[in-house]
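Notes to accompany the following structure.
4 protein chains.
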Amino acid sequence: MPQFSGLSAVLLNCSLVHDPAKSHTRRLLSRVAGIMATEGVAVELIHMLDHRIGFGMVKDTTTLGDDVDDWPAIHGRIMNADILVIGTPIWLGVKSSVATLAIERLYAYSSDTNASGQYLYYGKAGGCVVTGNEDGVKACAMEILYALSHIGYTIPPQADCGWIGGIGPGPSYGDPVEGSDVPMGYDSEFTNKNATIMSWNLMHLARSLKDLGGFPVGGNVAATWKESTNAADQDPDRF
Amino acid sequence: MPQFSGLSAVLLNCSLVHDPAKSHTRRLLSRVAGIMATEGVAVELIHMLDHRIGFGMVKDTTTLGDDVDDWPAIHGRIMNADILVIGTPIWLGVKSSVATLAIERLYAYSSDTNASGQYLYYGKAGGCVVTGNEDGVKACAMEILYALSHIGYTIPPQADCGWIGGIGPGPSYGDPVEGSDVPMGYDSEFTNKNATIMSWNLMHLARSLKDLGGFPVGGNVAATWKESTNAADQDPDRF
Amino acid sequence: MPQFSGLSAVLLNCSLVHDPAKSHTRRLLSRVAGIMATEGVAVELIHMLDHRIGFGMVKDTTTLGDDVDDWPAIHGRIMNADILVIGTPIWLGVKSSVATLAIERLYAYSSDTNASGQYLYYGKAGGCVVTGNEDGVKACAMEILYALSHIGYTIPPQADCGWIGGIGPGPSYGDPVEGSDVPMGYDSEFTNKNATIMSWNLMHLARSLKDLGGFPVGGNVAATWKESTNAADQDPDRF
Amino acid sequence: MPQFSGLSAVLLNCSLVHDPAKSHTRRLLSRVAGIMATEGVAVELIHMLDHRIGFGMVKDTTTLGDDVDDWPAIHGRIMNADILVIGTPIWLGVKSSVATLAIERLYAYSSDTNASGQYLYYGKAGGCVVTGNEDGVKACAMEILYALSHIGYTIPPQADCGWIGGIGPGPSYGDPVEGSDVPMGYDSEFTNKNATIMSWNLMHLARSLKDLGGFPVGGNVAATWKESTNAADQDPDRF
Numbered sequence: 005m006p007q008f009s010g011l012s013a014v015l016l017n018c019s020l021v022h023d024p025a026k027s028h029t030r031r032l033l034s035r036v037a038g039i040m041a042t043e044g045v046a047v048e049l050i051h052m053l054d055h056r057i058g059f060g061m062v063k064d065t066t067t068l069g070d071d072v073d074d075w076p077a078i079h080g081r082i083m084n085a086d087i088l089v090i091g092t093p094i095w096l097g098v099k100s101s102v103a104t105l106a107i108e109r110l111y112a113y114s115s116d117t118n119a120s121g122q123y124l125y126y127g128k129a130g131g132c133v134v135t136g137n138e139d140g141v142k143a144c145a146m147e148i149l150y151a152l153s154h155i156g157y158t159i160p161p162q163a164d165c166g167w168i169g170g171i172g173p174g175p176s177y178g179d180p181v182e183g184s185d186v187p188m189g190y191d192s193e194f195t196n197k198n199a200t201i202m203s204w205n206l207m208h209l210a211r212s213l214k215d216l217g218g219f220p221v222g223g224n225v226a227a228t229w230k231e232s233t234n235a236a237d238q239d240p241d242r243f
Numbered sequence: 005m006p007q008f009s010g011l012s013a014v015l016l017n018c019s020l021v022h023d024p025a026k027s028h029t030r031r032l033l034s035r036v037a038g039i040m041a042t043e044g045v046a047v048e049l050i051h052m053l054d055h056r057i058g059f060g061m062v063k064d065t066t067t068l069g070d071d072v073d074d075w076p077a078i079h080g081r082i083m084n085a086d087i088l089v090i091g092t093p094i095w096l097g098v099k100s101s102v103a104t105l106a107i108e109r110l111y112a113y114s115s116d117t118n119a120s121g122q123y124l125y126y127g128k129a130g131g132c133v134v135t136g137n138e139d140g141v142k143a144c145a146m147e148i149l150y151a152l153s154h155i156g157y158t159i160p161p162q163a164d165c166g167w168i169g170g171i172g173p174g175p176s177y178g179d180p181v182e183g184s185d186v187p188m189g190y191d192s193e194f195t196n197k198n199a200t201i202m203s204w205n206l207m208h209l210a211r212s213l214k215d216l217g218g219f220p221v222g223g224n225v226a227a228t229w230k231e232s233t234n235a236a237d238q239d240p241d242r243f
Numbered sequence: 005m006p007q008f009s010g011l012s013a014v015l016l017n018c019s020l021v022h023d024p025a026k027s028h029t030r031r032l033l034s035r036v037a038g039i040m041a042t043e044g045v046a047v048e049l050i051h052m053l054d055h056r057i058g059f060g061m062v063k064d065t066t067t068l069g070d071d072v073d074d075w076p077a078i079h080g081r082i083m084n085a086d087i088l089v090i091g092t093p094i095w096l097g098v099k100s101s102v103a104t105l106a107i108e109r110l111y112a113y114s115s116d117t118n119a120s121g122q123y124l125y126y127g128k129a130g131g132c133v134v135t136g137n138e139d140g141v142k143a144c145a146m147e148i149l150y151a152l153s154h155i156g157y158t159i160p161p162q163a164d165c166g167w168i169g170g171i172g173p174g175p176s177y178g179d180p181v182e183g184s185d186v187p188m189g190y191d192s193e194f195t196n197k198n199a200t201i202m203s204w205n206l207m208h209l210a211r212s213l214k215d216l217g218g219f220p221v222g223g224n225v226a227a228t229w230k231e232s233t234n235a236a237d238q239d240p241d242r243f
Numbered sequence: 005m006p007q008f009s010g011l012s013a014v015l016l017n018c019s020l021v022h023d024p025a026k027s028h029t030r031r032l033l034s035r036v037a038g039i040m041a042t043e044g045v046a047v048e049l050i051h052m053l054d055h056r057i058g059f060g061m062v063k064d065t066t067t068l069g070d071d072v073d074d075w076p077a078i079h080g081r082i083m084n085a086d087i088l089v090i091g092t093p094i095w096l097g098v099k100s101s102v103a104t105l106a107i108e109r110l111y112a113y114s115s116d117t118n119a120s121g122q123y124l125y126y127g128k129a130g131g132c133v134v135t136g137n138e139d140g141v142k143a144c145a146m147e148i149l150y151a152l153s154h155i156g157y158t159i160p161p162q163a164d165c166g167w168i169g170g171i172g173p174g175p176s177y178g179d180p181v182e183g184s185d186v187p188m189g190y191d192s193e194f195t196n197k198n199a200t201i202m203s204w205n206l207m208h209l210a211r212s213l214k215d216l217g218g219f220p221v222g223g224n225v226a227a228t229w230k231e232s233t234n235a236a237d238q239d240p241d242r243f
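Chains as they are written, first to last, in this note's numbering: chain A, 5 to 243; chain B, 5 to 243; chain C, 5 to 243; chain D, 5 to 243.
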């Protein structure tokens, strides 16, 4: 049986571009998805702006009066997956409003727990894909990976990949290049290497966590953490 | 045999306070260390400012003309440990210069590889501890955890903990509280819970990675990534 | 004539709360607005979620197919004002999706120029107000003030103010406090001082810029920067 | 009399490179310095690592036991200047340890006040220069400009400039380019334009602030802020 069969991944494209076909971020996400699919992972790429997703720190914004909220369905698909990759463009050096919205809506469930009593997202692996034309891959990755870690995802080594062009405005990932049949960035060894390593590390980690039956339990259950060796009982001057 | 015996951890205190006894960050680090030591982990807390550590993106700054550089010895201890926790105070909302220096010096080795050909820090678990009197725990954690992830550490869920007081200047972690025999912050349920969960998650993850013989190999070796299913061969428009 | 008469300010509340009456961030924005109004400034507070504002790096998202886009009208009010204050709640340590959206939509006009040929927002003063219950005032302020500066606003000293409670979940700004008739945070000397200083500094700066007839022209006009003493002609090894 | 004569600027190079001649960041700083010097500003470029500067949140680290601390002398020069530009390389997406150290040492004086009772750095203009080979100009600028604003500097529009190469490792600013007599980045129109605009905006702002006799006084004096219209007296529900 292939090493990674039985795993599943959701890739969330948080582009500001309404038409998925025109999203640059989708193209790099697609390559990550391609690696995973080839290795036996069931992959789903969701274009956030194909959906109506409400603002608010709640699970379902129809409870706030919105007519429609597609988030609960998307969240269900994220919960069914072992891996989550958030893809974002860079604007003014930071992640998009849509990526921020996705993270807020993930966070709205963070007081829920899984069957072991750990926070809901324990036992899953998280990463991110960033594209822009100038600057900010790491700044976006810092915020996204931190948010995923904070709500319960485990983050493998080198869990981000991205592409930007040289300083200043210019073409974006996948734009045509005059005099070349290779679109912009498609042959970037750095981007391809990082996308490859990230994809494999997410699969390895998800495999390991699944084989372990989830993130190990003990000391990390909100309801019972005091019963394990805990911080409150440690001498702050012992070391 | 205890679950976590055989594991080791280095906690790096990047306080700006010269005398370790007066460092507030050390106190919270000490509690994290106490949990790990109680659970059988060999723990070492290193106070950066007890050492002379040079500036420069090199492994040893005596090669740049410094008389002394204590970093190579510290780095050796970090390499021998399964877990690294970086502790930092917050100044102006961000991590300290000493924490930034520690990360730069870790990064100077990042082109080295381990026995499997992966980046040097693969197979280890990383976390952080942050204290201040006002604001900035998450901003510090974002930068530190990202840096650790980027160079090869795996980051477990909820890998940061911290303490700050209310908005504005005020007492720091462990300062005396008038009319109470509990120093400031020692009874913060939130801080104690997060410190506990972080400590356990680092131990669980380090245990799992050690039992696996390191982070799984495949697709994540710099010299051979092209031989695995890789990004360069994936259709950017498949998904 | 009062010192600040003739000035105007827009305060943009980027809360995730749909009902303005329930927004904690509005309460601190209201105090900033109160100072300005008392000093003769024409103040307008806009609650972003009272409006339908589209996603996209365009001036008007109806051009992308949206039925409605209230942003162009809001942008017109921002352009008429001398001062812009962005108010945001903190979620997971960073500014809200709504604040990120507001900045993206401001940025979509950034290639426009004013009558002097400078970028559109030159000659205006910018600041921010941040509230949360735990941590992240400075991280939000960094991103917001940078964005405003980058697109042309001038940033006075201490251009941010905020309120958060102690570490961990808890009441928000203006929530009732048991056994007290002062709602949470209303008597925070630190928050009140910073809100006061920020408000006055924005008014002073806006007054000065208005009296100067805008930000001084020379070397900062996109179309003619090369005609002034410019970087391309300077010896990179002179200093 | 030339428009900017009588003004002075300190540019602080926070490179990790010990030998100033080899610092890439110095080269872009030098171009900024060149513009200012040509326009009549008295310019001084200080290479931080030419000096011994201690760690610690104090004005003078010899009070903590250090043999030498060159910071008080550097601080004196910064206080005499109307403009401060902090130059930093990017490492792992963020500003250098040396830049962080410089900001900490500036901050250690922040409870001091000027002759008007305002915080010490009021009335001065601040900016930053960032170079790297890959990614992070804006992330560095956010932290540096925020810190300068927070301690009292005024930040003009577009107060940062920088250069990075394409994604991934590569040559740095000013490195030789094979087959060209123009070193890397020297002909970047984007970098030159931003460096030019930043330099002029800093000069314009410093000139205006000097002509005003400093940042206007009123509502922004720590000792007397309560006597002006202040936040504590404003109705949080008025707007």
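Backbone N, C-alpha and C fix where the C-beta goes; we use that ideal spot for every residue, glycine too.
- Under the Cβ distance rule, K142 of chain A counts among the residues neighbouring chain D, one pair being separated by less than 9 Å.
- The residue from B:P220, B:F194 and B:G136 with its alpha-carbon nearest to that of Y157 of chain B is B:P220.
- Closest by C-alpha distance to A199 of chain D, out of C:H154, C:A199 and C:G170, is C:H154.
- C165 of chain D is not a Cβ neighbour of L105 of chain D, given a cutoff of 9 Å.
- For I148 of chain C, none of the residues of chain A pass the 9 Å Cβ criterion, the least Cβ distance being about 10 Å.
- In this structure the segment 26-43 of chain D lies against the segment 229-243 of chain C, because at least three pairs of beta carbons, one per stretch, are closer than 8 Å.
- DSSP, read as helix, strand or coil, puts G217 of chain D in coil.
- By the criterion of at least three beta-carbon pairs nearer than 8 Å, the segment 128-148 of chain D is in contact with the segment 85-99 of chain D.
- For E108 of chain A, none of the residues of chain B pass the 8 Å Cβ criterion, the least Cβ distance being about 14 Å.
- Partner residues in the beta bridge of K99 of chain C, as assigned by DSSP, are C:I94.
- If you check the CB distance, H55 of chain D and D74 of chain D come in under 9 Å.
- Within its own chain, the residues whose Cβ lies closer than 7 Å to the Cβ of P161 of chain B, once the five positions on either side in sequence are excluded, are N205, listed in chain order.
- For C144 of chain B, no beta strand (DSSP E) run applies; the uninterrupted alpha helix (DSSP H) run containing it begins and ends at V141 to I155, by DSSP.
- Contact of P173 of chain C with chain B is assigned, a C-beta pair being separated by under 9 Å.
- By the Cβ neighbour-count rule, D241 of chain B is exposed, with fewer than 16 other Cβ atoms within 10 Å of its own.
- Counting every other CB atom within 10 Å of its CB across the protein chains shown gives V186 of chain B a total below 16, marking it as exposed.
- Straight across, the Cα-Cα distance linking K214 of chain C with A145 of chain C is about 25 Å.
- Chain-order list of chain A residues neighbouring F243 of chain D: empty, with the shortest C-beta distance near 21 Å, by a criterion of under 8 Å.
- Distance from the CA atom of V102 of chain B to the CA atom of K26 of chain C, rounded to whole angstroms, is 42 Å.
- Here the alpha carbon of N118 of chain D sits roughly 19 Å from the alpha carbon of I107 of chain D.
- A direct Cα-to-Cα measurement between E48 of chain A and Y113 of chain B gives close to 37 Å.
- The beta carbon of W75 of chain B sits no closer than 9 Å to any beta carbon of chain D.
- When secondary structure is reduced to three states using DSSP, T104 of chain B falls in the helix class.
- Rounded to whole angstroms, S115 of chain D and L124 of chain D show a C-alpha spacing of 8 Å.
- In this chain, the beta strand (DSSP E) harbouring I50 of chain B covers A46 to H51.
- The continuous stretches of beta strand (DSSP E) do not include W229 of chain C, and DSSP gives it neither H nor E.
- Between I90 of chain B and G131 of chain B, the C-beta gap is smaller than 9 Å, which places the two residues in contact.
- Between I50 of chain C and L15 of chain C, the C-beta spacing is below 9 Å.
- Close partners of G127 of chain D in chain A (Cβ separation under 8 Å) are lacking, with about 29 Å as the shortest Cβ gap.
- The Cβ of V45 of chain A sits no closer than 9 Å to any Cβ of chain D.
- For A129 of chain B, the uninterrupted beta strand (DSSP E) segment begins and ends at A129 to T135.
- For M61 of chain A, the C-beta contacts it makes with chain C under 9 Å involve L20, V21, P93 and W95, in order along the chain.
- Judged by DSSP secondary structure, A119 of chain B falls outside any alpha helix (DSSP H); it is assigned neither H nor E.
- Counting other Cβ atoms within 10 Å of its Cβ, E182 of chain B stays below 16 and is therefore classed as exposed.
- Membership of N17 of chain B in the beta strand (DSSP E) is indicated by the continuous run S12 to N17.
- Ranking B:T29, B:Q238 and B:D64 by CA distance to the CA of R109 of chain B puts B:D64 first.
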